[in-house]
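Q: Residue numbers (the UniProt record's numbering): 1 to 261. Built from N, CA and C at the ideal position, the CB exists for glycine as well. This structure is a prediction, so every number in the text was calculated from the model and none was measured.
#1: To the nearest angstrom, report how far apart residue 142 and residue 163 are at their CA atoms.
#2: Quick one: using the 10 Å Cβ neighbour count with 16 as the cut-off for buried, is residue 222 buried or exposed?
#3: Would you grab the beta carbon distance between residue 237 and residue 39 for me? Rounded to a whole angstrom, and I think it's under 8 Å.
#4: Can you grab the Cα-Cα spacing for the pair residue 243 / residue 23, in whole Å?
#5: Output yes or no for whether 7 Å exceeds the beta carbon distance between residue 172 and residue 133.
#6: Are the Cβ atoms of residue 19 and residue 13 separated by less than 7 Å?
#7: Which runs of the beta strand (DSSP E), 3 residues or longer, sit entirely within the segment 107 to 139?
#8: Do you know whose CA, among 253, 259, 249, lies nearest residue 27's CA?
#9: With a threshold of 7 Å on Cβ separation, who are the neighbours of residue 100 within its own chain once the five nearest residues in sequence on each side are excluded?
#10: For the beta strand (DSSP E) that residue 31 lies in, which residues bound it at each end?
#11: Taking 7 Å as the cut-off, decide whether the C-beta atoms of residue 182 and residue 253 are in contact.
#12: Might you give, ordered along the chain, the residues of its own chain that have their beta carbon closer than 8 Å to the beta carbon of residue 83, omitting 5 neighbours on each side?
#13: Taking the alpha-carbon of residue 180 as reference, which of 46, 70, 57 has the nearest alpha-carbon?
#14: Hey, quick one: how far does the alpha helix (DSSP H) through residue 44 stretch, first residue to last?
#15: Taking the runs of the beta strand (DSSP E) that are 3 residues or longer, which of them lie wholly in the segment 147 to 191?
#16: State yes or no: is the C-beta of residue 193 within less than 7 Å of the C-beta of residue 140?
#17: How many angstroms separate the CA atom of residue 169 from the CA atom of residue 156?
#18: Tell me the rounded alpha-carbon separation between residue 225 and residue 219.
#19: Inspect the beta-carbon positions of residue 234 and residue 79 and report whether they are closer than 7 Å.
#20: Run the CB neighbour count on residue 93, radius 10 Å, all protein chains shown included, and call it buried at 16 or more, exposed below.
#21: Have a look at residue 130 and residue 109 and give me their C-alpha separation to the nearest angstrom.
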């Protein structure tokens, strides 16, 4: 991943004068992929009955599990299955820019002031980082809907509207995901409720296509026991992929946290 450390600049010159020379600089960050995988085992009777399409939806559920894993790795550097930190990986929560939600008095902007405080940390430093949007925990949405000024008027909505997806906050796009707080699988809640910053700093991709395989004959180790799928009339579904990500600068982001975190 190319990262600019110095950009060229132009100068004003007169006709026939010597043109100035400008310097450029850069460095590279390397992608090192990790494999994401899991196996789900169900009975053949369950698969055949497919009550309410539950078996048919398993492939979508497995793809969603990969998506949550990708989010959790990028934001918190953790593996969902056991919550452990993946070694030697950068992740957005390493940012030193932290804002405590509720720290701005209501008469000075309330939660809007909190978001602006994080915005200021990004755009007012010595870098050229932009602030392009937010990633938020869905549990923050009711608080955004209920935010009012000192006269009781909604801060972030024209009128109170529970159907509002609040996908734009203070004019910037906002997306909602469980992984923002870190609460996915065995990974614990970190009290972070939002990240904001320069999302162009994040690069990610799949080294190989996501694959889904089905077997009725494999032998698996389940809870310390060797299990033959064929012998027990079971079906195993395996999903796996190679995924990699890199972050140009973790301090291009601000983390918005609950008090006491």
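A: In short:
#1: So the alpha carbons of these two residues sit roughly 11 Å apart.
#2: It counts as exposed.
#3: The Cβ separation is near 7 Å, so the contact holds.
#4: If I take the Cα positions, the gap works out to 35 Å.
#5: Taking a C-beta distance under 7 Å as the contact criterion, residue 172 and residue 133 qualify as a contact pair.
#6: It is a contact, given that the beta carbons lie within the stated cut-off.
#7: DSSP runs (the beta strand (DSSP E)) wholly in the segment 107 to 139: 133 to 136.
#8: Minimum Cα distance to residue 27 is reached at 249.
#9: So the qualifying residues of the chain are 257, 259.
#10: Segment: none, residue 31 is in no beta strand (DSSP E) and carries neither H nor E.
#11: Their beta carbons are not under 7 Å apart, which means residue 182 does not touch residue 253 by this criterion.
#12: Around residue 83: 185, 186, 187, 188.
#13: Answer by Cα proximity: 70.
#14: In the DSSP assignment, residue 44 falls within the unbroken alpha helix (DSSP H) covering 44 to 49.
#15: Runs found: 172 to 176.
#16: Yes, these two residues count as a Cβ contact at 7 Å.
#17: In a straight line, the C-alpha of residue 169 is about 7 Å away from that of residue 156.
#18: So the two alpha carbons sit approximately 10 Å from each other.
#19: No, they are not a contact pair.
#20: Buried, by the Cβ-count rule.
#21: If you take the alpha carbons of residue 130 and residue 109, they lie about 22 Å apart.
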